[in-house]
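So the number in the numbering used here is just where the residue sits in the sequence shown, counting from 1, plus 23.
Glycine is no exception: its CB is placed at the ideal position from the N, C-alpha and C atoms.
All remarks here apply to the structure that follows.
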Amino acid sequence: MSRVKDKEMLQHIIKYIDVLEYPGMETLEPSWVQSVLLTAGGPRQNLLKWVLEQFSPAEAVEVRALPQTLQMQRILQSLSALGVCRHGDTEVIEGNAPPAAQYKFWLGCLESIYNLRRFPPLPAHQHSESYAADSCMDQMSHSPHLELILKEGGVNVVPGDQREKYRAWCKYGQRTPISELLRQTEVKLKECQKMYEAMDNRWKAESILNPKELQTNMCSSIADMSKQQELLQGAYSSYITPWITSTQQLELPNTGPLIHEANTKLATLTKVLKAIQDASNMCEELAEREKAIMRHAMQPSSVTSTLHTLVSQSNTSVNVVR
């Protein structure tokens, strides 16, 4: 069954190579394509570099400028940053993984390139991301909290041409760009501003009609908001501020003891409820037995009279026989 699936994936890969017009494949014979895909060597490395070039031409140029020993590591880091493969897929990139895993990798790469080419080109005024999006990406790439994730062994996992790779990542994963999210946030902010202005006008109108009731409501609302503000400020200063301002990577608060205590109390409560249920069942059983005993206790005279009747009948029968 696995061989049949491998053959099907190989056929799909051949179709994509043909449609995408990869220039480095000498022939589309299945045996030759299979050897290129699964065998480590020059043809396979050229295909990898071509795949990276389709996702990011600028990154492909940087990879070609690196020594041969560092190229595979950089390709792995770039493709994993794009979400095409995982960061630990070293064997897949080097060509030492099982055939099924390699077929799946190649098919995912070629499908992504094919889908990216299907998108129509953007108008000229939409080619540049907004300043806010660029600033956000720049801050993320230099954040001390993300440094251990973005860098490994002194090599930056996020490639240099962030804008191009970010667009490809959005298209490949069908995600909304940051610039669009910021525009949506701005629209919602304007809507909230209009609602606030309407509420402000309503309060002004009510203040003219009934100033004393308005003052009472405002004082109550201010007291409630002050309590909420104290709670939020305490949580912010205790948990969020140290994590943001620190130059070191801090762990989030450990809620394990609280969860353990809650689980312990829940287990104790469950045992108590089970004991109560068992006691209830025993009470019901004892009640049934008590009813049965009462029924029997209510009939001793009838049993005695029946026995006397039987005894008298037996004596009469004995006398007749005699």
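C-alpha gap between residue i and residue j, whole angstroms
i	j	result
L51	A83	25 Å
E220	L205	22 Å
K127	A258	46 Å
I299	L255	42 Å
V74	L89	17 Å
N179	Q96	Caution is warranted here: a pLDDT of 45 is assigned to N179, below 50, making its placement in the model unreliable, and no coordinate value can be reported.
Q238	Q252	21 Å
R26	W129	17 Å
Q34	A81	31 Å
G177	Q94	Legend: pLDDT at G177 = 40, less than 50; position of this residue unreliable, value from coordinates given subsequently. Using only the alpha carbons, I get a separation of about 15 Å.
A310	S303	11 Å
Q77	E284	54 Å
M305	R312	11 Å
T199	K250	37 Å
A350	M32	Outside the displayed range of the chain (24 to 345) lies residue 350, so it cannot be described from this structure.
T92	L289	57 Å
E49	K194	31 Å
H110	S244	52 Å
V295	K217	55 Å
K297	R318	32 Å
D247	C215	21 Å
Y137	T264	45 Å
L212	S260	26 Å
G47	V210	49 Å
N240	D301	53 Å
T287	I316	44 Å
K30	K38	13 Å
I36	Y45	11 Å
R87	T113	19 Å
K28	E203	40 Å
S103	T291	47 Å
Q348	Q197	Since the first residue of the chain shown is 24 and the last is 345, residue 348 is not available in this structure.
E307	T293	21 Å
V56	E85	27 Å
Rounded Cβ spacing between residue i and residue j (contact assumed at less than 8 Å)
i	j	result
P66	V59	5 Å
L71	I40	Rounded, the Cβ-Cβ distance is 13 Å, inconsistent with contact.
S101	S79	7 Å
G118	L43	Not quite, the Cβ-Cβ distance comes to about 20 Å (not below 8 Å), so this is no contact.
L105	A191	6 Å
V107	G131	6 Å
Element boundaries [alpha helix (DSSP H), containing residue i]
i	result
Y126	122-141
V27	25-43
M95	91-105
P66	65-78
Q57	53-61
E114	113-117
Residue i at chain B interface by Cβ criterion, 9 Å
i	result
N240	Note that chain B does not occur in the displayed structure, where there is just one protein chain.
heavy atom of the ligand NAD below 8 Å from residue i C-beta
i	result
S135	Annotation note on the ligand NAD: not contained in the displayed structure, which lists no ligands.
Should the segment 109-123 be called in touch with the segment 133-141, which here means at least 3 C-beta pairs below 8 Å? In short, these stretches do not touch, since the Cβ pair count stays below three.
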